[in-house]
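Asker: My questions all concern the structure below.
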Amino acid sequence: QRKDWHGWINTIIQNNLFALPVGLEIGWVRYHHLFRDFLQEHLSREHPEEIPSILQKLAQAYETRSEWEKAYHVQKRLEDMDALAGLIERAAPHLLPRALVTLETWLKNLPPSIRGIRPGLLSIQGSIEYMKGNLKDGVCLQNQAESIFRERDDPFGLALTLTRRATVHRFLGDYQSALQDTEDAIGLTKSNDDLQLIFADALREKGLSLFRQGQSRQSVKILERALKIYTRLDDTSHIPILMMETGMAYAALGKEDETQRLLEQALQIWKQSGNLTWQANALNNLG
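Sequential numbering of the sequence shown, starting at 15, is according to my numbering.
Okay, structure coming up:
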């Protein structure tokens with residue numbers, strides 16, 4: 015029998031039945047916070063054994079929607095440090111570019127025994143150190159992570175760590191080491207459907223290192239290839255950044271029309287997302 019959900023929601027709203035409307039759209043409601051608290055307290059008292067399963071499903075739902083902060087706080091309530099560390103490792107690629115302090119705080123809140131044995135966490139900490147300007151510490155941590163991933167024969171973790179280390183090598187001016195890391199990462203990922211995002215990251219790092227060496231023409235080809243993969247995967251966090259980087263490589267070749275086209279596209283994306291910092295960077299480069 016088909017249920018009249020729309021009618022029921024309207025009845026709840028019209029009669030103020032322990033619910034409040036959400037946002038401006040019609041038809042979305044949530045429990046009044048006092049009624050929500052009552053239900054949660056009742057569940058804790060009457061069916062405590064069901065709570066862990068509910069929290070785990072809630073954390074997974076938040077993670078699926080890339081609501082990492084909410085997923086973290088729900089997962090933390092379960093007091094499973096290994097599961098919490100796994101969540102942090104999965105969140106890191108999304109949070110490193112935009113929430114460095116949050117990510118570092120999460121790492122510090124983990125027990126030292128967990129931080130020291132999980133290579134994924136060592137790799138993340140290495141990236142954090144490099145972004146804080148501690149480049150040598152960043153390389154050291156990435157070296158530790160690489161060694162463990164090789165011992166465990168983990169291609170995903172190894173490729174991710176090699177790509178992150180390539181970034182640090184590039185900022186240190188060690189372009190040959192950066193290129194070697196990217197070649198190794200490309201070899202691990204290019205034929206693996208599940209590792210295409212890391213493949214694109216490795217291509218990007220290779221292109222940027224070549225650009226720093228003055229090989230702009232080859233750099234453009236590789237950066238354009240990475241951009242196509244990011245676009246296909248709809249990786250919105252990397253697409254505008256790579257547009258700017260590719261635009262700068264085109265500028266070195268004297269192709270100002272291509273540079274302007276890519277910078278304006280990146281600017282529009284950041285306007286839509288409201289990112290003022292990157293808007294300023296794009297406008298500065300356009301100028």
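Don't be surprised by glycine CBs; every beta carbon is placed ideally from N, CA and C.
For D167 and L277, what's the separation of their Cα atoms in angstroms?
Answerer: Locating residue 167 in the sequence shown gives position 153, where the first residue counts as 1. Locating residue 277 in the sequence shown gives position 263, where the first residue counts as 1. Approximately 40 Å, taken between the alpha carbons.
Asker: Between the Cα of M311 and those of V234, G268, G134, L267, spot the shortest distance and give me the residue it belongs to.
Answerer: The requested residue 311 does not occur in the structure, where the chain is confined to residues 15 to 301.
Asker: Out of I212, V43, L193, which has the shortest C-alpha to C-alpha gap to L172?
Answerer: Along the sequence shown, one-based indexing puts residue 172 at 158. Of the listed residues, the one whose Cα sits closest to L172 is I212.
Asker: I believe F225 touches A263 by the beta-carbon criterion, under 8 Å. Please report the beta-carbon distance rounded to the nearest angstrom.
Answerer: Position 211 of the sequence shown, counted from the first residue, corresponds to residue 225. Position 249 of the sequence shown, counted from the first residue, corresponds to residue 263. Going by Cβ atoms, the distance from F225 to A263 rounds to 5 Å, so yes, they are a contact pair.
Asker: In this structure, how does DSSP classify P35 when only helix, strand and coil are distinguished?
Answerer: On the sequence shown, position 21 is the one that residue 35 refers to. Correct three-state label for P35: strand.
Asker: Could you tell me if E219 is buried or exposed, where buried requires 16 or more neighbouring beta carbons within 10 angstroms of its beta carbon?
Answerer: If you number the sequence shown from 1, residue 219 lands on position 205. Buried: at least 16 other Cβ atoms inside 10 Å.
Asker: Reducing DSSP to helix, strand and coil, say where R79 ends up.
Answerer: Translated into the one-based positions of the sequence shown, residue 79 becomes position 65. Coil, per DSSP.
Asker: Can you check the stretch 144-175 for any alpha helix (DSSP H) of at least 4 residues that lies completely inside it and give the ranges in chain order?
Answerer: Listed in chain order, they are 149-166.
Asker: Hey, is the stretch 103-123 in contact with the stretch 150-167, meaning 3+ C-beta pairs nearer than 8 Å?
Answerer: Touching, no, given that fewer than three Cβ pairs across the two stretches are closer than 8 Å.
Asker: According to DSSP, is R44 part of a helix, a strand, or is it coil?
Answerer: Along the sequence shown, read from residue 1 onward, the residue named residue 44 stands at position 30. Reduced to three states, the DSSP call for R44 is strand.
Asker: Helix, strand or coil for A294 per DSSP?
Answerer: Taking the sequence shown and counting its residues from 1, one reaches residue 294 at position 280. Helix, per DSSP.
Asker: By DSSP, does K122 sit in helix, in strand, or in coil?
Answerer: Against the sequence shown, residue 122 aligns to sequence position 108. DSSP places K122 in helix when its eight states are reduced to three.
Asker: For Q227, which residues from the same chain have a beta carbon less than 6 Å from its beta carbon, with the 5 sequence-adjacent residues on both sides left out?
Answerer: Residue 227 sits at position 213 when you count from the first residue of the sequence shown. Counting only Cβ-Cβ distances below 6 Å, and skipping sequence neighbours, we find Y189.
Asker: Is it the case that the Cβ atoms of L136 and A99 are separated by a distance below 8 Å?
Answerer: Looking up residue 136 in the sequence shown gives position 122. Looking up residue 99 in the sequence shown gives position 85. No, Cβ-Cβ distance for L136 and A99 is not below 8 Å.
Asker: So, are the CB atoms of A33 and H47 less than 8 Å apart?
Answerer: For the purposes of this step, residue 33 is taken as the residue at position 19 of the sequence shown. For the purposes of this step, residue 47 is taken as the residue at position 33 of the sequence shown. No. Outside cutoff.
Asker: Output the distance between the C-alpha atoms of L57 and T196, rounded to the nearest integer angstrom.
Answerer: For this step, residue 57 is matched to residue 43 along the sequence shown. For this step, residue 196 is matched to residue 182 along the sequence shown. Taking the straight line from one Cα to the other gives about 51 Å.
Asker: Among P107, Q282, E103, which one has its Cα closest to the Cα of I128?
Answerer: Within the sequence shown, the letter at position 114 stands for residue 128. Of the listed residues, the one whose Cα sits closest to I128 is E103.
Asker: Since T245 is in the alpha helix (DSSP H), which residue starts that stretch and which ends it?
Answerer: For the purposes of this step, residue 245 is taken as residue 231 along the sequence shown, with counting starting at 1. Looking at the DSSP string, the run of the alpha helix (DSSP H) that includes T245 is 230-246.
Asker: Report yes if the CB atom of I236 is closer than 8 Å to the CB atom of G221, and no otherwise.
Answerer: Locating residue 236 in the sequence shown gives position 222, counting from the first residue. Locating residue 221 in the sequence shown gives position 207, counting from the first residue. The answer is yes: Cβ separation under 8 Å.
Asker: With distance defined between alpha-carbon atoms, name the residue in P169, E118, L202 nearest to A105.
Answerer: Along the sequence shown, read from residue 1 onward, the residue named residue 105 stands at position 91. Cα-wise, what sits closest to A105 is E118.
Asker: Once you ignore the five residues that flank P126 on each side, which residues in its own chain have a CB closer than 7 Å to its CB?
Answerer: Locating residue 126 in the sequence shown gives position 112, where the first residue counts as 1. Closer than 7 Å at the Cβ level, and outside the excluded window around P126, lies no residue.
Asker: Which residue wins for smallest C-alpha separation from L155, given the options A280, A180, S223?
Answerer: As a position in the sequence shown, residue 155 is number 141, starting the count at 1. Of the candidates A280, A180, S223, the one whose C-alpha sits nearest the C-alpha of L155 is A180.
Asker: Using only the alpha-carbon positions, how far apart do K285 and A240 sit?
Answerer: For this step, residue 285 is matched to residue 271 along the sequence shown. For this step, residue 240 is matched to residue 226 along the sequence shown. The alpha-carbon atoms of K285 and A240 are separated by roughly 23 Å.
Asker: Suppose contacts are defined by Cβ-Cβ distances below 8 Å. Is L72 in contact with V88 by that definition?
Answerer: Here the question's residue 72 lines up with position 58 in the sequence shown. Here the question's residue 88 lines up with position 74 in the sequence shown. For L72 and V88, yes; Cβs fall inside 8 Å.
Asker: In terms of residue numbering, what span does the alpha helix (DSSP H) encompassing P254 cover?
Answerer: Position 240 of the sequence shown holds residue 254. First-last of the alpha helix (DSSP H) with P254: 253-266.
Asker: Compare the C-alpha of L247 against each of T177, D207, A265 and name the closest.
Answerer: As a first step, residue 247 must be located in the sequence shown, where it is residue number 233. Nearest of T177, D207, A265 to L247, Cα basis: D207.
Asker: Please report the straight-line C-alpha distance between L300 and Q274, rounded to a whole angstrom.
Answerer: Taking the first residue of the sequence shown as 1, we reach residue 300 at position 286. Taking the first residue of the sequence shown as 1, we reach residue 274 at position 260. For L300 and Q274, the distance between alpha carbons rounds to 7 Å.
Asker: Could you check which residue in Q54, T78, E81, S80 has the C-alpha nearest to that of I68?
Answerer: Working through the sequence shown from its first residue, we reach residue 68 at position 54. Nearest C-alpha to I68: Q54.
Asker: Buried or exposed: which applies to P62, given that a residue is buried once 16 or more other Cβ atoms fall within 10 Å of its Cβ?
Answerer: Locating residue 62 in the sequence shown gives position 48, counting from the first residue. Exposed: under 16 other Cβ atoms inside 10 Å.
Asker: With a threshold of 7 Å on Cβ separation, who are the neighbours of P111 within its own chain once the five nearest residues in sequence on each side are excluded?
Answerer: The sequence position of residue 111 within the sequence shown is 97, counting from 1. Excluding positions up to five away in sequence, the list reads S251.
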